[in-house]
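Enquirer: Residue numbers (the working numbering), protein chains in the order written: chain C, 1 to 160; chain W, 161 to 519.
All C-beta atoms in this analysis are idealised placements derived from N, C-alpha and C, irrespective of residue type, glycine included.
Mind looking over this structure? Questions follow.
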Amino acid sequence: MAFLKRSPWILHYDASSCNGCDIEVLACLTPLYDVERFGIINTGNPKHADILLITGGINSQNRPVVRNLYEQMPEPKVVVAIGACAATGGIFRECYNIAGGVDKVIPVDVYVPGCAARPEQIIDGVVKALSILEEKREKMTGEAHTKEEARHAAEAGEGT
Amino acid sequence: MPKRIVVPFGPQHPVLPEPIHLDLVLEDELVVDVVPSIGYIHRGLEQLVQKREFTEYVYVAERICGICSFMHALCYCQGIEHIMKIEVPDRAKYLRTIWSECSRLHSHLLWLGLFADGMGFENLFMRSWQLRESVLDVLEDTTGGRVIQGTCKVGGIRRDIGQEKLDEMHRALDPFEQQCRDLGDVFLNDETVKYRLQGLGVIAKDDAYALGAAGPTLRGSGVAVDLRETGYAAYGDLGFKPVVETAGDCYARCAVRVRELYSSIDLIRRAIDGMPEGPLDVKVKGAPDGEYFSRVEQPRGEVVHYLRGDGTKHLARARIRTPTLANIPALVKMLPGAQLADVPVVVLSIDPCISCTER
């Protein structure tokens, strides 16, 4: 975990899973797996979160909720879809009220397979999400840097 | 009169692992009315019986809820077996009982942890979940799955537990019970916990009964109803008495669950002692023709699977009534009069399982 420079905060939402993956997400936080030792904290507030862990597929009632949570999170942000239902709808894909995986509504960066996904897999998924988060952050700061340089260049151009 | 305001609670809320939405009507800090709304996890599983054969639907029934998944499968299988007049071998019944009680143990420990977190006692949350992992280890060892087991099938079970493993489980029960008693001691005798829970979210015996509450919510109010008394699976042979508390507050509901941990451990011990030899399943021929209300006691209360078959491979209708749905009217009755800060504790005290509720 040498590359873990910051403490990523996690937001967990149950879209329409059976609960199996959700309790495994919580199990990641408890003594056996204990991701808090890496500084990873489960927060209830989307405005504080870097990583959205989402379980279950999308239905008509939770579609706006999922979109709303995603939009409230500050950039850069990473979405991890946990379990078969979050990836494709899983065993529920033929149900009349399931539109499919989470990627029908928001962009997903990491898919964690499994029914239910094991805590080890979820932690692996989060570690993968961290490197994506770092890439996105670098891209953002890089872009900001380029913009800044362009502004300076333009100002300098006006001066001469 | 103070001004009334409406505070939304959920669907995404720090104490809720699952989404339920409550509109809390407040006068200052006091809750005067509650309007629940559900449907965030509705998938439409009942209709799936038309697309899955009745033997395959066991997998779907397991995924109605990931916490009591084994008991949903058990309830469904018992219903089909009753319609098709299949007599399940004794060993299968005993093993089903053991797995059911393991599910109850892990569900109650999970709830105790969430409840402790809800009242702000984080150490206790961690301790409960640490104990829960040892139950999950047994489940994983004997079935291959931590939360979804997949061992129950129409006509019996898929896997055996060998004698060596049964002996090992039996030996592990004593130290495990001691750990549970140490944990229960904090929930039941700690002054701060008592101060937080006693007299909170009270529901009277008659109200709980009239509103159709189920499980520990009902038993916490002094009504001794537990379906395990009806003697399905091996419960008839094991001798079972329901756990009852009379106060009807959050503390009583917590006490029922803590004491049910001990009774579950006792049931597992007796099931291992009395484990009969024999086959694990019987061959299933034909298709269900008829209807049946199958009932099983889950950690949260009574679950009902109504199943109707018309002689084809696909059931004509399934209707699933789950305990949390039955407990929501009781919750609406409990909340008025509570402080806003106590709402998470009262909501958690019915052990809401929203995946079950909305199917």
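Kindly say whether Met279/W, judged by its beta-carbon, lies nearer than 8 Å to any beta-carbon of chain C.
Expert: Cβ-Cβ to chain C under 8 Å: no for Met279/W.
Enquirer: Just mark Leu190/W as buried or exposed, buried being the case when its beta carbon has 16 or more other beta carbons within 10 Å.
Expert: Exposed: under 16 other Cβ atoms inside 10 Å.
Enquirer: Evaluate the contact criterion for the segment 330-340 of chain W versus the segment 415-431 of chain W: three or more CB pairs, one atom per stretch, below 8 Å.
Expert: Because the criterion of three Cβ pairs below 8 Å is met, the segment 330-340 of chain W and the segment 415-431 of chain W touch.
Enquirer: For Ser60/C, is the classification buried or exposed, using 16 other Cβ atoms within 10 angstroms of its Cβ as the cut-off for buried?
Expert: Flag for Ser60/C reads exposed.
Enquirer: Between Ser17/C and chain W, is the shortest Cβ-Cβ distance under 8 Å, so that the two count as touching?
Expert: For Ser17/C, the answer is yes, since a Cβ of chain W falls inside 8 Å of its Cβ.
Enquirer: Can you give me the Cβ contacts of Val298/W inside the same chain, cut-off strictly under 7 Å, excluding the 5 residues immediately before and after it?
Expert: For Val298/W, where only same-chain residues beyond five positions count, the Cβ hits under 7 Å are Cys262, Met329.
Enquirer: Which term fits Tyr395/W, buried or exposed, when burial requires 16 or more other beta carbons within 10 angstroms of its beta carbon?
Expert: With 16 or more Cβ atoms within 10 Å of its Cβ, Tyr395/W is classed as buried.
Enquirer: Quick check on Glu241/W: buried or exposed, where buried means 16 or more other Cβ atoms within 10 Å of its Cβ?
Expert: Buried, since its Cβ has 16 or more Cβ neighbours within 10 Å.
Enquirer: Roughly how many angstroms separate the alpha carbons of Met1/C and Lys325/W, rounded to a whole number?
Expert: For Met1/C, the pLDDT reaches just 49, beneath the cut-off of 50, and the residue's location in the model is therefore unreliable, although a value from the coordinates is still provided. Answer to the nearest angstrom: the Cα atoms are 37 Å apart.
Enquirer: In chain order, what are the residue ranges of uninterrupted alpha helix (DSSP H) at least 4 long that sit wholly in the segment 182-248 of chain W?
Expert: Runs found: 217-222, 229-243.
Enquirer: Do Arg306/W and Arg118/C have their beta-carbon atoms positioned less than 8 Å apart in this structure?
Expert: Yes; because the gap between Cβ atoms is below 8 Å, this pair is in contact.
Enquirer: Can you tell which of Ala364/W, Glu389/W, Gly278/W, Gln207/W has its C-alpha closest to the C-alpha of Leu467/W?
Expert: The shortest C-alpha separation from Leu467/W is found at Gln207/W.
Enquirer: Measuring CB to CB, does Gly20/C end up less than 8 Å from Gly57/C?
Expert: Not a contact, by the Cβ cut-off of 8 Å.
Enquirer: My guess is that His202/W and Asn97/C are in contact by the Cβ rule of under 8 Å, so how many angstroms apart are they, rounded?
Expert: That pair is a contact at about 5 Å.
Enquirer: Hey, how far is the Cα of Asp34/C from the Cα of Ser424/W?
Expert: Straight-line Cα distance between these residues: approximately 28 Å.
Enquirer: Exposed or buried, Phe453/W, counting other C-beta atoms within 10 Å across all chains shown (16 or more means buried)?
Expert: Phe453/W comes out exposed.
Enquirer: Under a three-way DSSP split, which group does Gln458/W fall into?
Expert: Correct three-state label for Gln458/W: strand.
Enquirer: What three-state label does DSSP hand Leu475/W in the structure shown?
Expert: Of the three classes helix, strand and coil, the one that applies to Leu475/W here is strand, per DSSP.
Enquirer: When you check each C-beta in the segment 109-143 of chain C against every C-beta of chain W, which residues fall closer than 8 Å?
Expert: Listed by position along the chain: Cys115, Ala116, Arg118.
Enquirer: Are the segment 269-288 of chain W and the segment 438-450 of chain W touching, with three or more C-beta to C-beta distances below 8 Å?
Expert: The segment 269-288 of chain W vs the segment 438-450 of chain W: no contact.
Enquirer: Using a Cβ cut-off of 8 Å (strictly closer), state whether Phe92/C contacts chain W.
Expert: Yes, because at least one Cβ of chain W sits closer than 8 Å to the Cβ of Phe92/C.
Enquirer: Examine the Cβ distances between the segment 106-118 of chain C and the segment 82-91 of chain C and report whether three or more of them are shorter than 8 Å.
Expert: Yes: at least three Cβ pairs fall under 8 Å.
Enquirer: If I'm right that Asn487/W touches Ala370/W with Cβ under 8 Å, what's the distance once you round it to whole angstroms?
Expert: Between Ala370/W and Asn487/W the Cβ distance is about 13 Å, and since that is not below 8 Å, they are no contact.
Enquirer: Are Ile308/W and Ser267/W close, meaning C-beta to C-beta below 8 Å?
Expert: It is not a contact, given that the beta carbons lie outside the stated cut-off.
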